[in-house]
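Structure first, then comments.
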Amino acid sequence: MTRRTPESAATDGAYADMLYKAKAESDRAVIDEVGAIADARGMTRAQVALAWLRRNHVVAAPVVGARTIQQMDDGVTSLDIDITDEEAGRLEAPCTPHYDLQGIPDEREMERIKASIPGYANL
Numbered sequence: 001m002t003r004r005t006p007e008s009a010a011t012d013g014a015y016a017d018m019l020y021k022a023k024a025e026s027d028r029a030v031i032d033e034v035g036a037i038a039d040a041r042g043m044t045r046a047q048v049a050l051a052w053l054r055r056n057h058v059v060a061a062p063v064v065g066a067r068t069i070q071q072m073d074d075g076v077t078s079l080d081i082d083i084t085d086e087e088a089g090r091l092e093a094p095c096t097p098h099y100d101l102q103g104i105p106d107e108r109e110m111e112r113i114k115a116s117i118p119g120y121a122n123l
């Protein structure tokens with residue numbers, strides 16, 4: 001979400017298509033909005049993305065996997081950034097939820113979880 005998207009990515013391939021293809025357009029739209037907000041506010045994409053995650057009541061704490069000083073700085077700086085309601089709306093409008101069902105060992109539990117996801121059959 002924090003870098004520009006290439007035409008080809010590590011998400012290419014049959015298995016990746018099954019997981020990501022249906023949501024690729026909405027994902028790209030969210031990435032573009034992150035970039036537009038970052039450019040308009042003079043901040044990095046990472047700062048915007050982390051501030052947006054921090055605003056979300058479902059996210060207990062964004063995990064910052066910093067490998068560089070710049071990434072750590074972005075994480076710390078994002079704590080002082082408040083995403084406006086208008087900006088949040090722009091980010092959330094194209095957003096399509098991703099459901100990670102990998103690693104569920106019990107087929108009955110998998111079916112129960114799938115049944116609880118509104119519109120899952122249409123994904």
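Numbering follows our numbering, with no gaps: position 97 of the sequence shown is 97.
Every residue, glycine too, gets a C-beta built ideally from N, C-alpha and C.
query                                                                                                 : result
Contact check, residue 104 vs residue 110, beta carbons under 7 Å                                     : yes
Proximal residues to residue 47 (C-beta, below 8 Å), its chain only, five neighbours per side dropped : 38, 74, 77, 78 and 81
Which of helix, strand or coil DSSP assigns to residue 67                                             : coil
First through last residue of the alpha helix (DSSP H) which encompasses residue 32                   : 24-41
Option in 89, 64, 14 and 60 with minimal Cα separation from residue 33                                : 89
Cα-Cα separation between residue 112 and residue 96, rounded to whole angstroms                       : 21 Å
Residue interval of the alpha helix (DSSP H) (run including residue 113)                              : 107-116
CB contact flag (residue 55, residue 62, <7 Å)                                                        : no
Pairwise C-alpha distance: residue 65 and residue 36                                                  : 23 Å
Residue from 28, 23, 87 and 25 with nearest C-alpha to residue 51                                     : 87
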